[in-house]
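This report concerns only the one structure given below.
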Amino acid sequence: MISGKKIFYVPGLISALLIPVLFWYFGNRKLNEPIPNVMDFGLLAKLTKENHNDYFEAFRNWNYQKIIVQPNSAKSNSAFYVSKLKKLQKRNEKKTGIEFILNDYNTYGDFASLLNDMAIAKHETYGLDLDKTGHLFALTNYQDPNAKEIEYDCLLCNDVIRDEYKPTFLDDAQFFIKQLPKESFYLIFGFLIFLNISMFSVKERFLN
Numbered sequence: 007m008i009s010g011k012k013i014f015y016v017p018g019l020i021s022a023l024l025i026p027v028l029f030w031y032f033g034n035r036k037l038n039e040p041i042p043n044v045m046d047f048g049l050l051a052k053l054t055k056e057n058h059n060d061y062f063e064a065f066r067n068w069n070y071q072k073i074i075v076q077p078n079s080a081k082s083n084s085a086f087y088v089s090k091l092k093k094l095q096k097r098n099e100k101k102t103g104i105e106f107i108l109n110d111y112n113t114y115g116d117f118a119s120l121l122n123d124m125a126i127a128k129h130e131t132y133g134l135d136l137d138k139t140g141h142l143f144a145l146t147n148y149q150d151p152n153a154k155e156i157e158y159d160c161l162l163c164n165d166v167i168r169d170e171y172k173p174t175f176l177d178d179a180q181f182f183i184k185q186l187p188k189e190s191f192y193l194i195f196g197f198l199i200f201l202n203i204s205m206f207s208v209k210e211r212f213l214n
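Residues 7 to 214 (our numbering) make up the sequence shown, in order.
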């Protein structure tokens, strides 16, 4: 009859208790890191009397639907603004648009949310009137329904077109590893050390 023998798995117990704590600690630190966001908005050079131009004046007297953007409310009204932009595109009327009225109490978040609404609605014709009002104008990019499509000669004839490259599993794995934070490598290395010690301990106890 073979008698049972107790194995005290101390290194494995330590790793089982320590690794989750380390994951929680470093994971929280990573999640709490500020995420930098970039807003790309082209601005003209500072205008002076010498280089001043009235570029926007040609659009200022268009027929605009005025929408007052209440401070700290643009994000909550995002769906409404997007629907208005899509209706503007669908109407496709000349010299029309939407004037989003901003004031000194509006926040950076309001402005960023409006630009995000432009992207969601795929409305690319807009501008910020920094010269006078400070309002954001969404202009109609009028499309003539009777316009005839211009025919061009074959631009891609006799050209070599390569298929789109599809990453392999190894490429995806390498990309994933590169995205891991530095702390994760410490955790993996520590886990492997504890695992190695644990295997040696189990082997020695079985041999004894």
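All C-beta atoms, glycine included, are put in the ideal place defined by N, C-alpha and C.
task = Taking only the alpha-carbon atoms, compute the straight-line gap between phenylalanine 86 and alanine 125 and give it to the nearest angstrom.
result = Here the alpha carbons of alanine 125 and phenylalanine 86 stand approximately 14 Å from one another.
inquiry  = I'd like to confirm the pairing. Which residues does DSSP put opposite leucine 145 in its beta bridges?
reply    = In DSSP, leucine 145 forms a bridge with Gly103.
key: Residue from Ala127, Asp123, Thr139, Ala144 with nearest C-alpha to glycine 133   = The residue from Ala127, Asp123, Thr139, Ala144 with its alpha-carbon nearest to that of glycine 133 is Ala144.
ask   = Ordered along the chain, which non-local residues of its own chain (more than five positions away) have a Cβ less than 7 Å from that of glutamine 149?
value = Here the set comprises Asn98.
query = Quick check: the stretch 73-82 against the stretch 105-120, are there 3 or more CB pairs under 8 Å?
reply = Touching, yes.
task = Could you pull the start and end residues of the alpha helix (DSSP H) that isoleucine 183 belongs to?
result = Counting along the chain, the alpha helix (DSSP H) containing isoleucine 183 begins and ends at 175-185.
message = Let me confirm a value: leucine 198 is counted as buried when at least 16 other C-beta atoms fall within 10 Å, else exposed. Which label applies?
response = By the neighbour-count criterion, in which a residue is buried when 16 or more other Cβ atoms sit within 10 angstroms of its Cβ, leucine 198 is exposed.
Sequence-distant residues of its chain with Cβ nearer than 6 Å to isoleucine 8 (five each side left out) = Unreliable positioning characterises isoleucine 8 in this predicted model, as indicated by a pLDDT of 49, which lies under 50. A coordinate reading is not provided.
key: Sub-8 Å separation of asparagine 104 and histidine 141 beta-carbons   = Asparagine is not the amino acid found at residue 104; the sequence shown has isoleucine there. In this structure, the beta-carbon distance from isoleucine 104 to histidine 141 does not fall below 8 Å.
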